[in-house]
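Structure record follows, encoded as structure tokens.
Residue numbers (my numbering): 1 to 177.
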């Protein structure tokens with residue numbers, strides 16, 4: 001099954017509401033994946049009596065890396081589909097979606113190759129080295145990919161706030177009489 005290239009399914013419907021609903025669904029999917037990764041890592045301590053730290057800790061880093069990678073692919077997919085959808089809209093409809101599109105402009109996400117490169121993320125590398133020195137050297141990769149996970153969560157949170165602001169403008173005000 002091929003992935004949809006934009007958020008507009010029904011040309012006769014409310015295009016802005018449809019785009020917001022599609023992006024909101026994708027944001028929820030990204031948040032769910034990040035929470036699944038975090039939950040899996042939290043449950044990893046149950047395997048501590050059976051698996052040695054030399055096996056368990058790299059698996060924890062791998063889980064964080066996989067969940068952050070999927071969230072990054074999802075973020076780039078949302079950006080691509082939003083651009084394709086906005087190309088099909090009228091100017092006033094594009095203006096209504098400006099808070100959402102501004103998130104992708106103000107919080108650009110570099111490719112995964114750059115995120116995994118410790119030389120391009122010196123601050124994250126330094127923090128993971130310091131954490132590894134303070135706790136255990138096996139924790140350095142975990143801290144590094146945990147930093148990636150935190151960046152993904154932050155960006156999805158900002159995007160979610162922008163979606164909520166657009167949704168508030170879509171809903172007609174309720175009279176309190």
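Glycine included, every Cβ here is placed at the ideal spot set by N, Cα and C.
In this structure, does DSSP put residue i in helix, strand or coil?
i: residue 14; result: coil
i: residue 68; result: helix
i: residue 109; result: coil
i: residue 135; result: coil
i: residue 52; result: coil
i: residue 224; result: The structure shown does not extend to residue 224, since the chain is modelled only from 1 through 177, so no value can be given for it.
i: residue 6; result: coil
i: residue 117; result: coil
i: residue 102; result: helix
i: residue 90; result: coil
i: residue 97; result: coil
Taking the C-alpha atoms as reference points, what is the distance between residue i and residue j?
i: residue 24; j: residue 69; result: 19 Å
i: residue 48; j: residue 136; result: 16 Å
i: residue 174; j: residue 151; result: Only weak support is given to the placement of residue 174: the predicted model assigns it a pLDDT of 44, under 50, and the question is left unresolved by the model.
i: residue 123; j: residue 44; result: 27 Å
i: residue 125; j: residue 118; result: 6 Å
i: residue 55; j: residue 95; result: 51 Å
i: residue 93; j: residue 114; result: 34 Å
i: residue 76; j: residue 121; result: 20 Å
i: residue 61; j: residue 166; result: 36 Å
i: residue 183; j: residue 26; result: The structure shown has nothing for residue 183, since the chain only spans 1 to 177.
i: residue 140; j: residue 29; result: 28 Å
i: residue 81; j: residue 51; result: 42 Å
i: residue 154; j: residue 84; result: 24 Å
i: residue 79; j: residue 16; result: 15 Å
i: residue 177; j: residue 18; result: Note that residue 177 scores a pLDDT of 49, beneath 50, so its modelled location is shaky; the value from the coordinates is reported in the next line. Rounded to the nearest angstrom, the two C-alpha atoms are 31 Å apart.
i: residue 21; j: residue 97; result: 12 Å
i: residue 149; j: residue 168; result: 29 Å
i: residue 8; j: residue 73; result: 20 Å
i: residue 5; j: residue 144; result: 32 Å
i: residue 131; j: residue 57; result: 14 Å
i: residue 33; j: residue 170; result: 28 Å
i: residue 111; j: residue 71; result: 12 Å
i: residue 134; j: residue 142; result: 13 Å
Examine chain C for any beta-carbon lying closer than 8 Å to the beta-carbon of residue i, and answer yes or no.
i: residue 4; result: Looking for chain C here will not work: only one protein chain is present.
Determine contact between the region 29 to 44 and the region 60 to 74, defined as no fewer than three beta-carbon pairs at a distance below 8 Å. Contact holds: three or more Cβ-Cβ distances are below 8 Å.
Can you confirm whether the region 154 to 163 touches the region 100 to 108 when touching is taken to mean that 3 or more C-beta pairs between the two stretches lie within less than 8 Å? The region 100 to 108 makes contact with the region 154 to 163: 3 or more CB pairs, one atom from each, lie closer than 8 Å.
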